[in-house]
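Visitor: Before I ask anything, here is the structure I am working with.
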Amino acid sequence: MTPGIEHFLTVGALLFCLGLAISLSKRNAIGVLMGVELMLNAVNLTLITFSRFAASPNPVSGHTFVVFILTVAAAEAAVALALAVAVYRNRETIDVDRLNLLRS
Amino acid sequence: MNGIDVLGPQISVLVAAGVVLVADALFPGQRRLLPFLALAGLLTAALWTTSWVGRGDYQTVFDGTIVLDRYAVFFQYVFAGVTATVILASIDWVNREGRRQSEYYALVLTVCAGLMLLAGARDLITIFIALELSSIPQYILAGWGKDAKSSEAGLKYLLLGAVASSLLLYGMALLYGVTGTTILPEIAAAIEAGGESYRALLVVAMTLLIAGFGFKMAVVPFQMWVPDVYQGAPTPVAAFLSVGSKAAAFAVAIRVFFEALGADFLSSDWSMIFAVIAAVSMTLGNLMAIVQSDIKRMLGYSSVAQAGNFLVGLAAISVAGEEFILGASGILLFVAAYAFTNLGAFVAVIAISQRINSDRIADYAGMWKTSPFLALGLAFCLVSLTGIPPTVGFWAKLYVFNAAVRADLVWLVVIGVLNSVVSAYYYLGVVRVMFLGEPGTEQRFRASPSIAVALTATAAGVLLFGILPMPLMSAARDAVEVLAR
Amino acid sequence: MELSALIFLPAIAAAVILLLPQRMEQQAKWVAFATAVVMFALSIGTFFRFDPDAPGYQFVERRSWVDIGAFNLQYFVGVDGLSLPLVVLTTCLTLASVLVSFSITHRPRAYFACLLILASSVIGVFVSLDLMLFFLFWELELFPMYLLISIWGSGRKEYSATKFVLYTIAGSAFMLVGILVLAFAARTFDMEQLAAAEFRDTLLPLGWVFFLLFVGFAVKLPIVPLHTWLPDAHSDAPTAVSVMLAGVLLKMGGYGIIRLCVTLMPEVAHDWDAWMAGIGAFSVLYGGFITLRQTDVKRLIAYSSVSHMGLVLLGIGALGATGLTGATYQMLAHGLITGLMFVMIGLMYERTHTRDIARLGGLARQMPLIATGMVFAGMASLGLPALAGFIAEVTVFLGAFQQFEWAVLAAITGVVLSAGYILWMLQRVVFGPVRHEWDGLTDQRHWWEHAVVAGLAGLVILLGVYPALLMDVIEPAMTTLAARLQA
Amino acid sequence: MLFLAAEPSAALTPTIDQAVLWAIMGCPLAAWGLIALYLRKLPAIAGYAAILGIGAAMLLSYVTLFNVIDASGGVAQYTREWFTAGDLTVPIGVRVDGLTAVMLVVVTTVAFLVQVYSTGYMQGDPGYGRYFAHMCLFTTSMLGLVLADNLFQMFIFWELVGLCSYLLIGFWFHKPSAAAAAKKAFIVTRIGDLGLLAALLLVWTRAGTFDVTAIQEWAASGEAKSALVTLFALGLFAGAAGKSAQFPLHVWLPDAMEGPTPVSALIHAATMVAAGVYLVARFFPVFEASPDAADVVAWVGAITAILAATMALVQTDLKRVLAYSTVSQLGYMMLSLGALGYVAAIFHLFTHAFFKALLFLGSGSVNHATNTFDMQKMGGLRKHMPVTYWTFVIGSLSLAGIFPLAGFWSKDEILLDAWRHDRALWAIGAVVAFMTAFYMFRAIFLTFHGTYRGGEPVDHHDPDNHFHGDPAHPHESPWAMKAPLLALAIPSIAAGWFAYDHMFKDFIEAALPHEGHHGSSFEIGIAVSSTIIALAGIGTAYVIYIRRWVDSSSIRATFAPFALVFERKYFLDDLYEGLFVRNIFYRGWCRLLETVDRRIVDGVVNGIGQVGRAASSRLRAVQVGEVQSYGLGVAAGVIIIFLAVIVANPL
Amino acid sequence: MEGFGPSLAFWVLSALTLIAAGGVMVSRNLLHAVLFLILTFVGVAGFFVLLSADFIAMAQVIIYVGAIAVLVLFAILLTPRSGRDNGETRWALPGILLAVCLAAIFLFVVHDTAWDTVGDAPAGLDARALGTALLTTWVVPFEIASVLLTAALVGAIMLTRSPEEEAEDALV
């Protein structure tokens, strides 16, 4: 079977939802972050798929978008890990289900 | 008109951020001047913005990805003002906290630049990057405090924010896939040309966009981070969050939903979604605010409820023409009013909380006796949040409700006004504690000059525009008229 | 200019008072007094320069205020035969309130400032001819009231103040929706244009709009079952605030019903007239019965206000010139009488520090002047002829009897009930064996106390024996309105 | 006015100037103002001011009377507009005719004499100034009531006399019984006033006027439905019954004796209580037009007369005997009006005012000497107080209807009218006449005959007691008190000698719009029989209380159930106050409503607040502080929104 | 995308990527999860190549595998005592259910939509075109991205400074 746009999109969607599932279920903050990275990857895959397949006046914008997402992902990861370290310094854990100082 | 000119305000703010960083390194002894450098950058941005006012009112640059119109101008003023107030309100806190100051101010300015860029962004990529430019420094700022609560707030905010922006991105990707472009008017054109057959996909994309923006707006059900982050983050940062990113989210939402997703078969959907979310946000936000004992949490829930009021306007803009103008200008008016009011409240809270070392509402007892100025300012802002004249909050609510009535959303207005009653209960509860409670200590204290300036400015705005709302209203209306064309 | 002066003078005076230095704190009352005197004089002057027979509004000031496309508000004020007497009532009671507050020493600056802002907003409500301006002043009154009750009150003052505010906001929430729908249908907030407009295709059925507005005003009036804020607010408010509350704030409700509900939506008013009359009569009786059970002097008078305000609604329900005139007159009469009553109770409370009827008794011996005043106020309150209340009551009855015989017959039994509770109260508070507990207390003695009591009592008598003074002003306006209603 | 033009037979119109008529009201009013404002603290002058004011009114009243007599009882009316409200126009004016003139004279004369008396009786009372002020105000109101030319104005003064009655009954307000009696009087009469108010509303709505003449004409013309007229008449009568203490609203009057005795003499014997009779007489054509209403009036009057008389039989308090006697006599007058004996009723009102005032003042004089009204503590006062004794006897004889005293003539006319109208009414009237004679002379014998039983010792610890003198050694009252007694004795004897048929009757009848035979002339059979009945009553009293052929206590024992019923006032007070007002109304109905108000009406509102807080607390549980749960919210939101859109607007 | 080669590549890459992502989900050890994550990144990079986005594939490898994964590793190492446990919270089940629902929705719309596709890779999708786009139309985002990275860097440094360094600051 020749893979078409649906196939790539399906992989993207599944990857996205896997990432979402991971970020919703993992206890460790770094695990959650991994889920987020997977979601961003899925978005990237989707964008590149569209760039490749969709009839578009300006197909390069999908690629551009991906470049920025990559950048932002890096920045986000850096900040996330820095925050994780900061939390760890205070609490000696980065398990998000134990981060519940703030609650009503 | 070249790009540099159009982006002058953002550039000057970013330059100020750089200057602050460098100045700190070069002249470590002159730290007390840093905030004023930052303010100078904001002033430059504001002046630059002003320089456009006389000139044309609609310019697109960079192949249509960025637009300069009065809408952007309006928000740039708002963001400059908000940032300036936050900086003024931060001075004491930053001095006390003892951390490096230049970075703090630089990050605040970066956020401001991101917000300003959002106001003019008209392209999904630019919107995304501007949104992140304002968000990522905010995550850092939320975790800026040295205590565990602040770090926790920062991490929570970041993780949820990342999930939300992933959802937003996926929605944008789908939108791009259907239309083949990222530029808003082109998206609209593509949808007009035959988008109805893609309705399912568009609805999914729209839903994801609502989730992404809804997170920033802090509306139900994307609001749950709000109270935790407000409570944990340093109070000046919470103030910034409550006003800045919320306003920006609405600024961009009006553009995206009206300019890109304005097709009839979509607008009827999203306006109903916004209406329902508005009703739920107001109700839940207010209900949950009632029992809060921490003033920052209370303000957090109240900001959820207020976001519901903004959304009333957003629900009313589905039809082009006068309805759109009323609804959108209502949101803008509300943004400005809310900026004055909520910032004023937060400034007072910053000053009081630092002094009494507590955020508990019960500890605000007798504030009227220990610090009449702060108590009066806070009370006045709370009255404005309730929507009682002569405050700007009254006009904002009135205007938005008026727009909703004209959009045939009477049921939403009924819910909205009834929610005002609930909100009066807890806002006035704070006033009651401050004015009637017996203070723990009889010792009077005064606000620092910077706080005094910030509070006076915001409270004066609340009062002045409460009596003469006309300039603000016409500014808001002028701002949205360009979109309606 | 007169009307603007009446609105803004107290506001400016309030600002001046707030800016007084600490050491001149006790002088605040003099500023307030001077302001109140000037206001009173100004309103009296306006009253006598008013031409009752000229059609339309007089002393009109109209300038654009907010003009944004379809959101078009004006600063539009003016008076007619309905509002002018109420304005005079307000200034008069403001003066009385300032005078009875002369002994306030706790934060006098804030107190008098609040009082003046309250007066300013109430006058604003009465003279506004733009719906939004009306609504603005309506809401504006809340904050000073809240502070006045919650800071200078007694008892469960915070609860009462909050209850007052929440009730009013809830009512005005309904009102706001109604106003917006109406204004949208007519594309204006201008009451003159609204009155001339024909409402077709409103967003809500016009009957619902009427109901929304009515609820807002009924809370203020107050009408059973929306009345329970009143006893609490009254019993815990300081004297002057009780005077203002009973004297003028309740009247905002009646005024609103006439000015908005009835004037703007005559057809709906016709559909609902029997309900209004019925509810009015019911309020009269219900209030009367419950008043009989009260053991707190102020709560007693508060519930009696519920009963008396029912008459206003009964008169309005008749939708005739006589009934409407009677209702207006009843508002004025009740304002003066209940104002006087609260002044007397306040003077008594200031001395005895109790409002519990069981603890009082025989005060006529220790405080003959206060007792006389209370008996006078009580007699006026139970509708004794030759006093203002009687004229009002009878006019209302006469106006409504033609259409709603049974409602009126029910309501007149309220006359007996009012005699019952007033006399019961007088018997236990003023008369009866002397209680030596109160032996050391002084009678009314300060000049301001004398002035307030004599002034209000004089007005009550004046309106009772020379009703034409006000009737001639009210009646042409009401006749015009009634003619519109019949059309 | 309109009517007068259409009736040439009453061509003569009194020429009296309206300023005089207003001045009649104005003089006592001026006295009141003077006393209330300036003379409260100057008792000596206050009394004289009152005497002066009322005296002037009295003189003017006589002037008016003679003027009206000159005009053969024609009607003069001066009306102007008072205020208008829409369709409603309320007039204000004065009207003078025969009825008015007679009433004016009665009121001012009695009032004047009572003021004179009061200067002696009230000597030393701390409320001396207040007393005269109230009295002046009362006189003003009463005169205003009499002079009023329209129902609205009448209603005003009607209520004002009620106020004065209230203030004067409660004059010694420190006595709980006085305060309670005042309240009772006001409320009970107000219940009657409801009827009057309803009648006022009815007549304005249906006839469109308040004017007395116009209403008389309206009722007589037959243009209104008779049921309407009956309703109107009954409304009027309800008001009259309240004021004139007719059954079942009579319960306030005996209690009203808590007031100072001159007050009882003026208000609760001579004037105010007669206002009800005056009102019914004023609107006599209305009752003529409605036989049903007239029958009600007659029978209520009859029942009142006999009930009150039976209660008077067993009283031991001198003043209460007089009070019940007053109720009984008022019933008599109502009986007469109901039997269409218009002139007789007014004539009896006229004579009764004098002798009943005389009797009350006499009882006050006794009290002045003995510090009590309890007849069981008196006796033998004839020797000590001859003037009081003899005037009291004159009054009693007149009341009993002994020829040729005033009461004989008027009572006789009433019995005659009753005889002609309905024999049952006459029979009741006769029984009452017997009882009247009996209880009056029982009172005289107990009070003035036999031996003195010591009076009531003075309680010197009571600061409110101002009794001076020694009850153990009673003495005659001062001249200020004796003179009015003597003065009142004259009309008590002679007031009946006006040539009834030729003068009083025509004069009074001229006040009605239609000439007619309202009342009848003397008839010897009735006169003789009634005299015999009265003498029998006196004789019975003599036999029991002087000769003591029968022991009074054994009579009481024989008729114990009756005596109990009489003494307990037919249990009406217990029924009204104890059962109805206190238990059913106050503790039942009002309490129920109050509970509803507090628990339900207010409770719902507070409940909403509590529900809000409870909901808030529940919702708080959602916010657990764990970031994943927040993320779940976001994801769930996306799904819900999508599904909602799809469901609401299917693809 | 004709031919057997690309089809085979697609299916292999799909299997690799999704299984690797599943591995992130099920790994109990955080370090194993990182390794699976890197594998996923590589798989996605393969997709990019398959979709004629060579430059992006390279960037993906450099940034994700080279930078982000390394960052994650550092973070894990910097938080030694928090354990290497990659377990689930008590919210795992509802989270997974919601993700499944969302996946169902996405798959539904992806397959429901009648895509308007082109057969061959459109022209001008090379690195040059990308560079031109980045420096003309999207030059602002491009510049902003650098600012963003700088800000993130500054922030990250500030947040991770040790208390001793903080104390030094206070002295200056």
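Chains as they are written, first to last, in the working numbering: chain E, 1 to 104; chain G, 1001 to 1485; chain U, 2001 to 2487; chain X, 3001 to 3651; chain Z, 4001 to 4172.
Each residue gets a CB set at the ideal place from its N, CA and C atoms; glycine is no exception.
Return the Cβ separation of Leu101 (chain E) and Lys1149 (chain G) in integer angstroms, given the expectation that the two are a contact with Cβ distance under 8 Å.
Guide: What you label residue 101 (chain E) is simply residue 101 of the first sequence in a count that begins at 1. What you label residue 1149 (chain G) is simply residue 149 of the second sequence in a count that begins at 1. Confirmed, about 5 Å.
Visitor: Determine which residues of the region 2071 to 2097 of chain U have a Cβ less than 8 Å from any Cβ of chain G, and write them out in chain order.
Guide: Phe2071
Visitor: Does DSSP put Gly2078 (chain U) in a helix, a strand or coil?
Guide: As a working note, residue 2078 (chain U) is residue 78 in the third sequence. Gly2078 (chain U) falls in the strand class under three-state DSSP.
Visitor: Taking the C-alpha atoms as reference points, what is the distance between Ser1166 (chain G) and Leu9 (chain E)?
Guide: On the second sequence, residue 1166 (chain G) is found 166 positions in, with the first residue counted as 1. On the first sequence, residue 9 (chain E) is found 9 positions in, with the first residue counted as 1. Roughly 16 Å separates the two Cα atoms.
Visitor: Is the shortest distance between the beta-carbon of Ile4056 (chain Z) and the beta-carbons of chain E less than 7 Å?
Guide: Reading the fifth sequence from its first residue, position 56 is the one you call residue 4056 (chain Z). It does; some Cβ of chain E falls within 7 Å.
Visitor: I need the straight-line Cα distance from Ala3406 (chain X) to Gln3329 (chain X), nearest angstrom please.
Guide: What you label residue 3406 (chain X) is simply residue 406 of the fourth sequence in a count that begins at 1. What you label residue 3329 (chain X) is simply residue 329 of the fourth sequence in a count that begins at 1. Going by the C-alpha atoms only, they are around 14 Å apart.
Visitor: So Leu2481 (chain U) and Leu2324 (chain U) are in contact, right, with Cβ under 8 Å, and what is the actual spacing, rounded?
Guide: Locating residue 2481 (chain U) in the third sequence gives position 481, where the first residue counts as 1. Locating residue 2324 (chain U) in the third sequence gives position 324, where the first residue counts as 1. Contact holds; Cβ gap of about 6 Å.
Visitor: Under 8 Å: do the region 1347 to 1355 of chain G and the region 1326 to 1333 of chain G share three or more Cβ pairs, one atom per stretch?
Guide: The region 1347 to 1355 of chain G, when compared against the region 1326 to 1333 of chain G, does not touch it at the 8 Å Cβ threshold.
Visitor: Whether or not the region 2220 to 2227 of chain U and the region 2282 to 2292 of chain U are in contact is what I'm after, with contact meaning three or more pairs of Cβ atoms, one per stretch, closer than 8 Å; do they touch?
Guide: yes
Visitor: Given this structure, state the Cα-to-Cα distance separating Leu3381 (chain X) from Ile3045 (chain X), to the nearest angstrom.
Guide: As a working mapping, residue 3381 (chain X) is identified with position 381 in the fourth sequence. As a working mapping, residue 3045 (chain X) is identified with position 45 in the fourth sequence. About 33 Å.
Visitor: DSSP beta-bridge partners for Thr4117 (chain Z)?
Guide: Residue 4117 (chain Z) sits at position 117 when you count from the first residue of the fifth sequence. Looking at the DSSP assignment, Thr4117 (chain Z) forms a beta bridge with E:Ala54.
Visitor: Classify Arg2063 (chain U): buried if its beta carbon has 16 or more other beta carbons within 10 angstroms, exposed otherwise.
Guide: One-based indexing of the third sequence puts residue 2063 (chain U) at position 63. By the 10 Å Cβ count, Arg2063 (chain U) comes out exposed.
Visitor: What's the call for Phe3571 (chain X), buried or exposed, on a 16-neighbour Cβ count within 10 Å?
Guide: The sequence position of residue 3571 (chain X) within the fourth sequence is 571, counting from 1. With a threshold of 16 other beta carbon atoms within 10 Å, Phe3571 (chain X) falls short and is exposed.
Visitor: Take Val36 (chain E) and list the residues in its own chain whose beta-carbon comes closer than 6 Å to its own, dropping the five residues that flank it on each side.
Guide: The residue labelled residue 36 (chain E) in the question sits at position 36 within the first sequence. Ser23.
Visitor: Following the continuous alpha helix (DSSP H) through Ser1268 (chain G), name the residue where it begins and the one where it ends.
Guide: Working through the second sequence from its first residue, we reach residue 1268 (chain G) at position 268. It spans 1264 to 1290 - the alpha helix (DSSP H) in which Ser1268 (chain G) sits, taken as one unbroken run.
Visitor: Using a Cβ cut-off of 7 Å, which residues of the region 1157 to 1171 of chain G contact any Cβ in chain E, in chain order?
Guide: Leu1158, Leu1159, Ala1162, Val1163, Ser1166, Leu1169, Tyr1170
Visitor: Would Leu1034 (chain G) and Gln1101 (chain G) be called neighbours here (beta carbons separated by less than 7 Å)?
Guide: Looking up residue 1034 (chain G) in the second sequence gives position 34. Looking up residue 1101 (chain G) in the second sequence gives position 101. Closer than 7 Å, so yes.
Visitor: Under a three-way DSSP split, which group does Ser4027 (chain Z) fall into?
Guide: Position 27 of the fifth sequence, counted from the first residue, corresponds to residue 4027 (chain Z). If DSSP states are grouped into helix, strand and coil, Ser4027 (chain Z) belongs with coil.
Visitor: With a 10 Å radius around its C-beta and 16 neighbouring C-beta atoms as the bar for buried, classify Glu3413 (chain X) as buried or exposed.
Guide: Within the fourth sequence, the letter at position 413 stands for residue 3413 (chain X). It counts as buried.
Visitor: With H, G and I counted as helix, E and B as strand and the rest as coil, what does DSSP make of Trp4091 (chain Z)?
Guide: In the fifth sequence, residue 4091 (chain Z) corresponds to position 91, counting from 1. Reduced to three states, the DSSP call for Trp4091 (chain Z) is coil.
Visitor: Please tell me whether Ser2242 (chain U) and Phe2342 (chain U) are closer than 7 Å, where the distance is taken between their beta carbons.
Guide: As a working mapping, residue 2242 (chain U) is identified with position 242 in the third sequence. As a working mapping, residue 2342 (chain U) is identified with position 342 in the third sequence. The answer is yes: Cβ separation under 7 Å.
Visitor: Taking C-beta pairs closer than 7 Å, name the residues in chain X that Ile1295 (chain G) reaches, listed in chain order.
Guide: Residue 1295 (chain G) sits at position 295 when you count from the first residue of the second sequence. Near Ile1295 (chain G) there are no residues of chain X at all, since even the closest Cβ is about 16 Å away, more than 7 Å.
Visitor: Which of the three DSSP states, helix, strand or coil, is assigned to Asn28 (chain E)?
Guide: As a first step, residue 28 (chain E) is located in the first sequence; it is residue number 28 there, counting from the start. If DSSP states are grouped into helix, strand and coil, Asn28 (chain E) belongs with the strands.
Visitor: Please classify Phe3522 (chain X) as buried or exposed, where buried requires at least 16 other C-beta atoms within 10 Å of its C-beta.
Guide: Against the fourth sequence, residue 3522 (chain X) aligns to sequence position 522. Label assigned to Phe3522 (chain X): exposed.
Visitor: What residue range does the alpha helix (DSSP H) around Glu2475 (chain U) cover?
Guide: By one-based count along the third sequence, residue 2475 (chain U) stands at place 475. Counting along the chain, the alpha helix (DSSP H) containing Glu2475 (chain U) begins and ends at 2468 to 2486.
Visitor: Please determine, among X:Gly3603, X:Gly3341, X:Tyr3586, X:Ala3433, the residue with the shortest C-alpha to C-alpha distance to Leu3313 (chain X).
Guide: Here residue 3313 (chain X) corresponds to residue number 313 of the fourth sequence, with the count starting at 1. Per the Cα distances, X:Ala3433.
Visitor: Expressed to the nearest angstrom, what Euclidean distance is found between the alpha-carbon atoms of Thr2202 (chain U) and Met1272 (chain G)?
Guide: Along the third sequence, one-based indexing puts residue 2202 (chain U) at 202. Along the second sequence, one-based indexing puts residue 1272 (chain G) at 272. If I take the Cα positions, the gap works out to 21 Å.
Visitor: So Ala1248 (chain G) and Leu1118 (chain G) are in contact, right, with Cβ under 8 Å, and what is the actual spacing, rounded?
Guide: Taking the first residue of the second sequence as 1, we reach residue 1248 (chain G) at position 248. Taking the first residue of the second sequence as 1, we reach residue 1118 (chain G) at position 118. Yes, Ala1248 (chain G) and Leu1118 (chain G) are in contact; Cβ-Cβ is about 5 Å, under 8 Å.
Visitor: For Tyr2057 (chain U), does the three-state DSSP call read helix, strand or coil?
Guide: Within the third sequence, residue 2057 (chain U) is the residue found at index 57, counting from 1. Residue state, collapsed to three classes: coil.
Visitor: With three or more beta-carbon pairs closer than 8 Å as the criterion, would you say the region 3295 to 3304 of chain X touches the region 3256 to 3269 of chain X?
Guide: no
Visitor: What residue range is occupied by the uninterrupted alpha helix (DSSP H) comprising Gln1076 (chain G)?
Guide: Position 76 of the second sequence, counting from 1, holds the residue named residue 1076 (chain G). Element bounds for Gln1076 (chain G): 1070 to 1097.
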